[in-house]
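Here's the structure we're looking at; comments come further down.
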Amino acid sequence: MTKPVTLNELSSDHSPVLFNVSLSAPAIQTSPKVRCYARADWSRFQREINSKVNLLDPAITTLDSEQEIDTAIEFLSRIVIDAEAVSIPEVQRRPYQVATIPESTRRLIALRNKRRRQWYRSRDPIYRSIVLSLNRRIREECVQASCKKFQETLRTLNNDHDTLWRISNALRKSTKYSPPLRHGDNIIASSLEKAQLLAMSFSKAHTNQMADDPETVTAVNNSIAHIDQIQLTGAHPWLIRPKEVIQIIRRLKAKKFSSA
16 MTKPVTLNEL SSDHSPVLFN VSLSAPAIQT SPKVRCYARA DWSRFQREIN
66 SKVNLLDPAI TTLDSEQEID TAIEFLSRIV IDAEAVSIPE VQRRPYQVAT
116 IPESTRRLIA LRNKRRRQWY RSRDPIYRSI VLSLNRRIRE ECVQASCKKF
166 QETLRTLNND HDTLWRISNA LRKSTKYSPP LRHGDNIIAS SLEKAQLLAM
216 SFSKAHTNQM ADDPETVTAV NNSIAHIDQI QLTGAHPWLI RPKEVIQIIR
266 RLKAKKFSSA
């Protein structure tokens, strides 16, 4: 691009600017950088924020005007951005084109959905067998498309490219990234602390919240005692797996409602 030149001959408050752009200049394409939260140092992130934020500061505890609130929000946002910059690394985004579903497989999916709706409405076992057969075929074709895409990726690899290293690293990695949990003002990052927090949350969720209601407590205790005393007889033993419950529900006769 040539140096811009301003024309002052025209009587206007907006002066035109002229410059020439060469079409032969190579186009430089740069992929944007993004934050890799899988490699984030959350302990450092927390330390950075705690070192700069004092919750007992009168500038935070006594916010009386809209301007003071906006200033505090801007201050906190700047601290979070600075902590993110030093604790979460930037990586180059590497676009990867996933395997496309072939047109024949798309037609099978449309046919499968149609037969499945017919099975839901009529409960005809023939439609159910067709749906299961189509599911197996669709699954096989999707696996073949994924393998074909993976083979194309391997054929296009270069010796100086790190794609093979990233693929092998992803295949060897047994654990996936688990985001931290928030408990009040604290951030829980370790697996043991997160397990303890989840156990406490489940225990609290399943605790009787109406302990001061003796009628409800008595009714629940009587129901539990009645269930414990029942002798399980019949064709169905005690069900311990969700799959067994689903199979029995599917064998039940569907109710047919007559249209008014």
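Count the sequence shown with my numbering and you get residues 16 to 275, in order.
Where is the CB? At the ideal position from N, CA and C, for every residue including glycine.
Model, not experiment: these values are computed from the prediction.
For Lys48, the uninterrupted beta strand (DSSP E) run begins and ends at 48 to 50, by DSSP. In the three-state reduction of the DSSP assignment, Ile94 falls in the helix class. In this structure, DSSP gives Val68 a state outside helix and strand, which the three-state scheme calls coil. The beta-carbon separation of Arg152 and Tyr142, rounded to 16 Å, does not stay under the 8 Å limit for a contact.
Note: Val106 is bridge-paired with Val49 in the DSSP secondary-structure output. For Ile116, the secondary structure class from DSSP, reduced to helix, strand or coil, is coil. In this structure Arg127 is in contact with Asn150, their Cβ atoms being roughly 7 Å apart against a cut-off of 8 Å. For Leu196, the enclosing beta strand (DSSP E) covers residues 196 to 198.
Distances from the CA of Ile124 to each of Arg138, Asp139, Val146, Val106 were compared; the closest alpha carbon is that of Val146.
By the Cβ-count criterion, Ile84 is exposed, with fewer than 16 other Cβ atoms from all chains shown falling within 10 Å of its own Cβ. Apart from sequence neighbours up to five positions away, the residues of its chain that approach Phe34 with a beta-carbon distance below 8 Å are Met16, Thr17, Lys18, Pro19, Val20, ordered along the chain. The three-state reading of DSSP puts Val235 in helix, counting H, G and I together. Taking 8 Å as the cut-off, the beta carbon of Pro195 is found no closer than this to the beta carbon of Ile182. Excluding sequence positions up to five before and after Lys48, its CB lies within less than 8 Å of the CB of Glu105, Val106, Gln107, Arg108, all in the same chain and listed in chain order.
Under DSSP, Leu33 forms a beta bridge with Val20. Rounded to whole angstroms, Thr168 and Ala160 show a C-alpha spacing of 12 Å.
Beta-bridge annotation (DSSP): Asn201 is paired with His198. With fewer than 16 other Cβ atoms from the protein chains shown falling within 10 Å of its own Cβ, Phe217 counts as exposed.
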